[in-house]
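One structure is given here, and the rest of the page talks about it.
Numbering (my numbering), first residue to last: -15 to 133.
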């Protein structure tokens, strides 16, 4: 069976654009909503973005491989996009709760509320970004690989 997958370059571009656009939106909102200095919130955001870019690359590659195995395709309908965003953000929340509490000198509860708010933003952003990315950069039909590779 022949299937179409994104190239490594395309996945790297996807992750970098996702993080840069996300930071440009998030840092000013963090300052306004949390009252945290933009330098402090920006520093945390950049640390999280670098780790998140790596997570995004690995998560999206794994998610597409699982989809390919289960359905024979990497095409995502709305329900799959919602699942994709929820799983991705759930993983982010688990990774960054302790970091947020420590870096912003807040309780785990306050960090949880902060991370839930940020996750809510990124949940919507990830859905819109990934749909938009697929429209602007459709998978090239010249990029063909064997299933499972």
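Glycine is no exception: its CB is placed at the ideal position from the N, C-alpha and C atoms.
Treat the numbers as computed from the prediction; the structure is a model and nothing was measured.
Considering Cα atoms alone, identify which of the options is closest to residue i.
i	options	result
residue 109	6, 93, 1	6
residue 36	97, 59, -1, 48	-1
residue 32	75, 113, 121	75
residue 70	104, 82, 86, 95	104
residue 134	24, 41, 14	Nothing can be reported for residue 134: it is not among the residues displayed for the chain, which extend from -15 to 133.
residue 4	34, 13, 20	34
Under the three-state reduction of DSSP, which class applies to residue i: helix, strand or coil?
i	result
residue 59	coil
residue 135	This structure cannot settle anything about residue 135, because the visible part of the chain is limited to -15 through 133.
residue 1	helix
residue 101	helix
residue 16	helix
residue 116	helix
residue 51	helix
Less than 8 angstroms between the CB atoms is what I'm expecting for residue i and residue j, so what's the real figure, rounded?
i	j	result
residue 84	residue 18	Their Cβ separation, rounded to whole angstroms, is 11 angstroms, which puts residue 84 and residue 18 out of contact at 8 angstroms.
residue 45	residue 29	That belief does not hold up - the Cβ atoms of residue 45 and residue 29 are roughly 24 angstroms apart, past 8 angstroms.
Indicate, with yes or no, if the ligand SAM has a heavy atom lying under 7 angstroms from the CB of residue i.
i	result
residue 50	This structure simply doesn't include the ligand SAM, nor any ligand for that matter.
Evaluate contact between the stretch 51 to 58 and the stretch 79 to 97, counting only Cβ atoms and requiring at least three cross-stretch pairs below 8 angstroms. no
Would you check if there are 3 or more beta carbon pairs closer than 8 angstroms linking the stretch 104 to 120 to the stretch 60 to 71? yes
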